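Asks:
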Amino acid sequence: MDFWIYPIAIIGGFLAGFINTLAGNGSAITLTILMEFMGLPPNIANASNRVGIFAQSIVSTSVFQKHGKINWRTSLPFIITVFLGAMVGLYLALTVDNAGFKQVYGFLMILLLFVILFKPSRWINPPEGERKLPLIFLLIGFFLLGIYGGFIQMGMGIIFLAFSVLVGKFDMLSANAMKIICVGSYTGVVLLIFALNGWVNWWAGGLIAVGQIIGAMISSRFASNHPKANIVAHRLLIVVVVFAIVKYYFL
């Protein structure tokens, strides 16, 4: 690789790690770098991209844990449920062509943009003590989220946040922490499968992972300590969804 690609990979990884921790869809940046700048074919780029996702998940989880922002007692049933759903989704991804299913992604992003813009207070200052759905319905919802994440993955972080905040009634910080753990847990399995098939370019994925680790560390510390973190996360979520819509339909 040419020398100038190195700073692009690290800076792009940094932005992706920061965005993924507070919102989602940072892979739009890293996949572009892996394919357009590093010249990897799509399947190798997709596999190598998981190196950084897994690394940033470990870092963000450790920071959230250090600052006491993860309620394991509350979150663990949902984390396990998402993981199990993701294993079903992963099996489908390995056996069924999901190209047609990805066509719904653009529609989902438009729908989510309206949801995010309507009554921002639901995201920034969720009402305390509001009744949640019965546990069984929440578990079913998170299981379906897991299937989506394992099968398609595109926009998983954004969809996870929307469901967790608006349906599960978690605050943005707790939802983000839970999202990071869920995505990291099944990404580890996906990465292992890709590696066993020889699809992972560890050098390219590792280079971007350096930036993602730094971005995730800064972002998770900001989310844990800054009093206006929810506001920043909500605004960043709007930007990410608008970008996803523009990229899907026009680029």
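Numbered by my numbering, the letters in the sequence shown go through residues 2 to 252 in order.
The C-beta atom is built at its ideal place from N, Cα and C for all residues, glycine as well.
Note that the coordinates shown come from a computational prediction; the quantities given were computed from them, not determined experimentally.
#1: Report all residues from its chain with a CB closer than 8 Å to the CB of Leu114; omit the five preceding and five following residues, and keep chain order.
#2: Any chance the region 71-91 sits against the region 33-42, with 3 or more Cβ pairs inside 8 Å?
#3: Go ahead and pull the three-state DSSP assignment for Gly27.
#4: Give the DSSP-derived three-state secondary structure of Phe4 in the structure shown.
#5: Determine, using beta carbons only, whether Gly158 and Gly53 come nearer to each other than 8 Å.
#6: Please go through the same chain and pick out, in chain order, the residues whose beta-carbon is closer than 6 Å to the beta-carbon of Leu208, but skip the five residues on each side of it.
#7: If I measure Cβ to Cβ from His235 and keep anything under 8 Å in the same chain, skipping five residues before and after, which residues do I get?
#8: Which same chain residues, not among the five before or five after Tyr7, have their C-beta less than 6 Å away from its C-beta?
#9: Using 8 Å as the Cβ pair cut-off and three pairs as the minimum, do the region 85-95 and the region 57-68 touch?
#10: Once the 5 residues before and after Lys248 are set aside, which same chain residues still bring their CB inside 8 Å of it?
#11: I need the boundaries of the alpha helix (DSSP H) containing Asn231, first residue and last residue.
#12: Would you mind giving the Cβ-Cβ distance between Asn226 and Leu41, rounded to the nearest angstrom? I have them listed as a contact below 8 Å.
#13: Are the beta-carbon atoms of Phe13 and Asn21 separated by less than 8 Å?
#14: Can you tell which of Phe195, Ser220, Leu85, Phe119 has the C-alpha that lies nearest to the C-alpha of Phe144?
#15: Could you check if Lys67 is buried or exposed, using at least 16 other CB atoms within 10 Å of its CB as the buried criterion?
#16: Among residues of its own chain, excluding the 5 on either side of Met218, which ones have a beta-carbon nearer than 7 Å to its beta-carbon?
#17: At what residues does the alpha helix (DSSP H) containing Pro43 begin and finish?
#18: Am I right that Gln154 and Ala17 are in contact with their C-beta atoms under 8 Å? What's the rounded C-beta distance?
#19: Can you tell me whether Phe108 is buried or exposed, with buried defined as 16 or more other CB within 10 angstroms of its CB?
#20: Have a look at Asp3, Leu32, Leu23, Ile45 and flag the residue whose alpha-carbon is nearest the alpha-carbon of Leu197.
#21: Can you give the beta carbon distance from Leu162 to Asn177, rounded, assuming they're within the 8 Å contact cut?
#22: Check whether the Cβ of Leu91 lies closer than 7 Å to any heavy atom of the ligand NAP, and answer yes or no.
#23: Do you know how far the Cα of Ala94 is from the Cα of Val105?
#24: If I measure Cβ to Cβ from Thr31 and keep anything under 7 Å in the same chain, skipping five residues before and after, which residues do I get?
Replies: Considering the structure as presented:
#1: Ile239, Val242, Val243, Ile246
#2: no
#3: coil
#4: coil
#5: no
#6: Ala10
#7: Ile117, Pro121, Trp124, Ile125, Met173
#8: none
#9: no
#10: Ala29
#11: 230-251
#12: No, Asn226 and Leu41 are not in contact; Cβ-Cβ is about 37 Å, not under 8 Å.
#13: A small correction: the amino acid at residue 13 is Gly; Phe does not occupy that position in the sequence shown. No, the pair does not count as a contact, with Cβ atoms beyond the cut-off.
#14: Leu85
#15: exposed
#16: Val60, Val64
#17: 43-67
#18: With a Cβ gap of about 14 Å, Gln154 and Ala17 do not count as contacting.
#19: exposed
#20: Ile45
#21: 7 Å
#22: Although the ligand NAP was asked about, the structure shown includes no ligands whatsoever.
#23: 16 Å
#24: Gly13, Gly14, Ala17, Asn50, Gly53, Ile209
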